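Protein chains: 2
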Amino acid sequence: MATMTGPVTRERWIDAALDTLARDGLGGVGVEPIARLLHVTKGSFYWHFKDRADLLRAMLVRWEQVMTKALIGQAEAAGETAQDRLRVLFRLSFEKRAVPLEMALRDWGRREPFVTRAVARVDRRRLRYLERLFGGLGLEPGDARARAFLAYSSLFGTHIISVTAPRHREDTFRRCRALLLRVGPGSP
Amino acid sequence: MATMTGPVTRERWIDAALDTLARDGLGGVGVEPIARLLHVTKGSFYWHFKDRADLLRAMLVRWEQVMTKALIGQAEAAGETAQDRLRVLFRLSFEKRAVPLEMALRDWGRREPFVTRAVARVDRRRLRYLERLFGGLGLEPGDARARAFLAYSSLFGTHIISVTAPRHREDTFRRCRALLLRVGPGSP
DNA sequence: CGCGCGCCATACGGGGGCGTATGCACGCTA
DNA sequence: TAGCGTGCATACGCCCCCGTATGGCGCGCG
Chain A
0 MATMTGPVTR ERWIDAALDT LARDGLGGVG VEPIARLLHV TKGSFYWHFK DRADLLRAML
60 VRWEQVMTKA LIGQAEAAGE TAQDRLRVLF RLSFEKRAVP LEMALRDWGR REPFVTRAVA
120 RVDRRRLRYL ERLFGGLGLE PGDARARAFL AYSSLFGTHI ISVTAPRHRE DTFRRCRALL
180 LRVGPGSP
Chain B
0 MATMTGPVTR ERWIDAALDT LARDGLGGVG VEPIARLLHV TKGSFYWHFK DRADLLRAML
60 VRWEQVMTKA LIGQAEAAGE TAQDRLRVLF RLSFEKRAVP LEMALRDWGR REPFVTRAVA
120 RVDRRRLRYL ERLFGGLGLE PGDARARAFL AYSSLFGTHI ISVTAPRHRE DTFRRCRALL
180 LRVGPGSP
C-alpha cells in the first residue's frame, strides 16, 4: 500500500496523512507518527513542508480536488438516465468504504473554519448534482432538493448509525431507494 | 455554566469532560486541560478517578443513560398520536443543538469498540422507537424500518451536511417531513 | 483539643510531539 | 575531481501531558 519505493515525495506524505486521518482521526495526524509509517524521519517532512499546518492545508486541498468528482464521476459513468445514476449512487452509499475519511473531515470541520468551508463546497456540488438527477425524474425543484437531502443524509447515516439487524440491511436499502425514487400522481 | 461553587464532584468532572468532548473532540479530553476549566489541579482528578480511561468510561456510561431517553422522552411528552410525536421529532432533529456531542461520540466510536457498542445500543433503541411510531401510521414493518432509518439519518444529515441555502432550509424540512409521513394507497 | 479523613495542591519523572539546526551521502555539472 | 544542491538523518530544546508521591488544609468527632 504505502510501501512504494523511491524518494518520499510531498504527495506520498499527503496520501499517508489522509489515510491516517481516516483511520485515527485528526489527532493521529502527526509529523513523527507518519514519518515512521513512511520509514523516514522528520527531516524529510520539514524538507517538503513548512510545518504541520502546511500539511493539513495540503491534505484538504487534495481531498477537495479528488472527492468532488469521485461520486459524481462514478454516477455519470454508470448510466444515461437519472434513474440509472441514482440507483448507482444509492448502491455506492450503502457499500462504499471511503466514508471514514469523509467522516473524519466533517469532524475536523467542526473545529476549523477553513475545513468547514471546503466541506461545504463539496456538499453543495454533490447536492446540486443530486437535485438535477431528481429533477430529471420529473420532480419540481423543491421536492428534488428535499429528496436530494434525504438521499445524501442516508449515505452518511449508513456509516454513522450502527445499522439494525444485518439481515434487514438489504431490504431496508431497497425500501429507502423505492421511497425516494418513487414519483407518481400525488407524490410531488 | 461550569462555574458552580462547592467541591468538585466526580459528576462535575464527567460533565465538563462531555462538554469538552462535544467542543474539541476526544483529543481535547485531557486531565490537565479539564482541570484548568474547573479551576482545580490534577490532584482533584486522581482523587475521583483511577486514570484517564476511568473518566472516559464514566463519560460513556453517563451519556448512554442520559441520551437514551432524551429524544424519546421529548416525543412522548409532546403528544398522543404517532403523527404528533413524529412531527415533534422532526422539528427537534432540525433544530437541536445537542448534536455535536452525538457526532463526537460516533467519531470516538470509530476507534473504540466499547464506544461502538454503546452507540449501537442507543441507536437500536431510537430506531425501534421510530419504527413503532411509523408502524402506528399504518405502514408495514419493513417500510416502517426504512422510514425510521431515513428519518434518523436526516437528523444527523442536518448537522453533518453544510446545508444548502438557508432560505430553503425550512422548505426542505417541510418537504422531507411530508415525504416520510405520507402514507396512502400505493405508498406502503 | 487533637485526630483522622476527605479533598486538593505541589513536585517530580517519563514520554511524546513540534520545530530548528546541523551533518551527511548522493548525483549532477563543470 | 571539485563543487553544489537535493533529500534525508541526527541531535537538541521546548512544551504539554500522564501518572505518582507527598504534603497540607479544613472539618467533624471523640
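Protein chains in written order, with numbering that gives the first Met the number 0: chain A, 0 to 187; chain B, 0 to 187.
Beta carbons: idealized from backbone N, C-alpha and C, even for Gly.
Since we're looking at a predicted model, the values are computed, not measured.
Contacts between P99(A) and chain B, judged by CB atoms closer than 7 Å, involve R109 in chain order. Nearest to F89(A) by alpha-carbon distance, out of L70(A), S161(A), A21(A) and I159(A), is L70(A). Taking the Cα of S43(B) as reference, the smallest distance to any Cα among V28(B), A74(B) and R9(B) is reached at R9(B). Contact of V60(B) with chain A by beta-carbon distance below 8 Å is absent, the smallest such distance being about 18 Å.
At least one CB of chain A lies nearer than 8 Å to the CB of D142(B). Secondary structure in the stretch 18-42 of chain B: the alpha helix (DSSP H) runs of 4 residues or longer, each lying completely within the stretch, are 30-36 in chain order. For V28(A), the closest of L37(A), L55(A) and Y45(A) by C-alpha to C-alpha distance is L55(A). Nearest neighbour of S161(A) by Cα position, chosen from R166(B), P165(B) and A117(B), turns out to be A117(B).
Between A81(A) and G141(A), the C-beta spacing is not below 8 Å.
For D170(B), the chain A residues whose Cβ falls inside 9 Å of its Cβ are G141, R144 and A145, in order along the chain.
When CB distances to chain A are screened at a threshold of 8 Å, not a single residue of the stretch 52-77 of chain B falls below it. Among the CB atoms of chain B, one or more fall inside 8 Å of the CB of D23(A).
The Cβ atoms of L179(B) and R146(B) lie closer than 8 Å to each other.
Annotation: Cβ neighbours of R174(A) in chain B (cutoff 7 Å, chain order): G141, D142 and A145. For D170(B), the three-state secondary structure derived from DSSP is helix. Per DSSP, reduced to three states, the secondary structure at F48(A) is coil, with no helix or strand assignment.
Around I159(B), the beta-carbon contacts reaching into chain A at under 7 Å are R105 and F155. By the rule that beta-carbons nearer than 8 Å mark a contact, S43(B) does not touch chain A. Taking a beta-carbon distance threshold of 8 Å, Y128(B) does not count as an interface residue toward chain A. Straight across, the Cα-Cα distance linking W46(B) with G156(A) is about 40 Å.
Relative to E130(A), the option among T171(B), R86(B), P112(B) and R22(B) whose CA is nearest is T171(B). Going by C-alpha positions, A57(B) is about 37 Å away from V121(A). Approximately 6 Å separates the beta-carbon atoms of Y151(B) and L126(B); this is inside 8 Å, confirming the contact. Of all alpha-carbon atoms in M66(A), E139(A) and G26(A), the one lying nearest the alpha-carbon of D106(B) is that of G26(A).
With 16 or more other Cβ atoms from the protein chains shown falling within 10 Å of its own Cβ, H158(A) counts as buried. For P165(B), there is no enclosing alpha helix (DSSP H), as DSSP marks it with neither H nor E. C-alpha of S153(A) to C-alpha of R176(A): approximately 10 Å in a straight line. Less than 8 Å divides the Cβ of V182(A) from the Cβ of L138(A). Annotated three-state conformation of G141(B) is helix, per DSSP. Restricted to the stretch 52-139 of chain A, the alpha helix (DSSP H) segments that are unbroken, complete and at least 4 residues in length are 81-92, 98-108 and 112-134, listed in chain order. Residue L17(A) holds the alpha-carbon nearest to the alpha-carbon of E63(A) among L36(A), Y128(A), L17(A) and G24(A). Residue-level contact by beta carbon holds for L149(B) and chain A, with a gap shorter than 8 Å. Interface flag for L178(B) against chain A is set, since a Cβ pair is found closer than 8 Å. Against T115(B), the close residues of chain A are S161, in the order they occur along the chain (beta-carbon pairs closer than 8 Å). Against chain B, a Cβ distance below 8 Å from G26(A) picks out G24, L25 and G26.
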